[in-house]
Amino acid sequence: MRGPCGPQDPGESMDIAVEELAGGVTKINLQGRFDTTGAVVVELPFNKVVTEKTRVIVDLSGVSFLASYAIRVLLVGAKIVGGKGGRLVILCPDNNVAKVLKTAKMDALIPIHQTESAATAALGS
Amino acid sequence: MSSLETSRLVLRNDLAELKRLAGWIEGLTRQDVSSDVSFAIAFCLEEAVANVIMYGAPTGDHLEIAVELERDAGALVARVEDNGRQFDPTRAPPPEQPASLAEAKVGNLGIHLVRSFAHDMGYERRDGRNRLTLRFLEARS
Numbered sequence: 001m002r003g004p005c006g007p008q009d010p011g012e013s014m015d016i017a018v019e020e021l022a023g024g025v026t027k028i029n030l031q032g033r034f035d036t037t038g039a040v041v042v043e044l045p046f047n048k049v050v051t052e053k054t055r056v057i058v059d060l061s062g063v064s065f066l067a068s069y070a071i072r073v074l075l076v077g078a079k080i081v082g083g084k085g086g087r088l089v090i091l092c093p094d095n096n097v098a099k100v101l102k103t104a105k106m107d108a109l110i111p112i113h114q115t116e117s118a119a120t121a122a123l124g125s
Numbered sequence: 001m002s003s004l005e006t007s008r009l010v011l012r013n014d015l016a017e018l019k020r021l022a023g024w025i026e027g028l029t030r031q032d033v034s035s036d037v038s039f040a041i042a043f044c045l046e047e048a049v050a051n052v053i054m055y056g057a058p059t060g061d062h063l064e065i066a067v068e069l070e071r072d073a074g075a076l077v078a079r080v081e082d083n084g085r086q087f088d089p090t091r092a093p094p095p096e097q098p099a100s101l102a103e104a105k106v107g108n109l110g111i112h113l114v115r116s117f118a119h120d121m122g123y124e125r126r127d128g129r130n131r132l133t134l135r136f137l138e139a140r141s
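Chains as they are written, first to last, in our numbering: chain G, 1 to 125; chain U, 1 to 141.
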């Protein structure tokens with residue numbers, strides 16, 4: 001089952017791409033299975049971005065699976081950004097991914113948005 | 001998968017084995033298991049096996065992790081058996097909900113999530129092996 005934001009072709013491996021948006025917003029695009037091995041692959045490049053940036057959107061629309069190790073990566077990232085007075089938000093998780101985040105009560109700690117404009121607005125100016 | 005068939009996969013304690021596990025589960029559940037139950041099985045077995053791989057052999061010993069999946073009376077039953085150090089996930093306390101992001105502790109979510117996604121979870125230690133049983137109820141049509 002895929003939601004409106006769900007991945008079309010999640011593929012097997014995990015990819016990370018970083019995009020700079022207007023207004024000093026950085027978008028991290030994650031693609032693939034964010035399982036334990038995927039989380040190990042993206043952890044270092046993800047941490048590098050969150051260490052350098054203060055307004056971060058993590059786009060999960062291309063992610064088909066989320067393991068607890070992946071939640072750990074997201075939570076550590078949000079804490080690093082938050083520790084600098086910045087914000088990290090999640091954009092457009094797939095239905096199953098959103099279910100895992102909500103069951104883990106991560107949505108109470110890391111805001112989840114369905115559109116890029118809402119995510120950007122949530123980061124403030 | 002048919003009602004009488006039990007499928008079994010044996011893995012080593014190497015993170016690369018998780019891809020093989022995911023493919024095996026997808027192959028077994030693709031045909032006649034709902035997407036919700038299929039996801040729950042994939043999620044819980046990934047967590048259970050990853051836990052054994054990462055923490056089951058602190059001294060780096062080679063472990064054997066056997067995973068079984070069978071259909072039984074309206075449920076799918078998964079078993080994970082390993083010869084790693086003793087660990088009973090049913091006795092793990094639930095995580096505390098932090099008041100803020102700054103107070104949030106990292107880790108210890110996997111067992112809580114498995115408990116949430118599986119209908120029930122059982123554990124026994126027998127002959128030097130951990131044996132975890134997870135049941136997933138199939139939706140009634």
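From the three backbone atoms N, C-alpha and C, an ideal C-beta is built for every residue, glycine too.
- Looking at the DSSP output, Leu137 of chain U shares a beta bridge with U:Ala75.
- Chain-ordered, the chain U residues with CB closer than 7 Å to the CB of Ser68 of chain G read Glu47, Leu109, Gly110, Leu113.
- Rounded to whole angstroms, the gap between the alpha carbons of Ala104 of chain U and Arg91 of chain U is 22 Å.
- The continuous stretches of beta strand (DSSP E) do not include Lys102 of chain G, which lies in the alpha helix (DSSP H) extending over residues 95–103.
- A distance below 8 Å between beta-carbons, with the five flanking residues on each side excluded, links Arg30 of chain U to the following residues of its chain, in chain order: Ser38.
- With contact defined as three or more Cβ pairs closer than 8 Å, the region 45–64 of chain G and the region 77–92 of chain G are in contact.
- Taking a cut-off of 8 Å for Cβ pairs, the region 71–84 of chain U and the region 117–130 of chain U touch, as three or more such pairs fall below it.
- With contacts defined by Cβ atoms closer than 8 Å, Glu5 of chain U and Leu21 of chain U do not form a contacting pair.
- Look at the beta carbons and you see the region 96–104 of chain G not touching the region 118–125 of chain G: under three pairs across the two are nearer than 8 Å.
- Between Leu101 of chain U and Gly77 of chain G, the C-beta spacing is not below 8 Å.
- The beta carbon of Lys105 of chain G sits closer than 8 Å to some beta carbon of chain U.
- Per DSSP, the continuous beta strand (DSSP E) segment holding Arg33 of chain G begins and ends at 25–34.
- At a Cβ-Cβ threshold of 8 Å, Ala67 of chain G and Ala108 of chain G do not count as neighbours.
- With a threshold of 8 Å between beta carbons, Val18 of chain G makes no contact with chain U.
- Counting only unbroken stretches of 4 or more residues, the alpha helix (DSSP H) elements lying wholly within the region 50–94 of chain G are 68–83, in sequence order.
- Put simply, the backbone Cα of Gly74 of chain U is about 28 Å away from that of Pro94 of chain U.
- Closer than 8 Å to the CB of Ile28 of chain G there is not a single CB belonging to chain U.
- The criterion of a C-beta distance shorter than 8 Å is satisfied by Leu18 of chain U and Ala50 of chain U.
- A straight-line Cα-Cα distance of about 16 Å links Ile71 of chain G and Ala48 of chain U.
- Legend: CB atoms of the region 68–87 of chain U lying less than 9 Å from CB atoms of chain G are not found in any residue.
- By the neighbour-count criterion, in which a residue is buried when 16 or more other Cβ atoms sit within 10 angstroms of its Cβ, Gly110 of chain U is buried.
- For Phe39 of chain U, a Cβ of chain G is located within less than 8 Å of the residue's own Cβ.
- By the CB criterion at 8 Å, Leu30 of chain G and Val58 of chain G fall inside the cutoff.
- In this model, Val18 of chain G and Asn47 of chain G are separated by some 12 Å (Cα to Cα).
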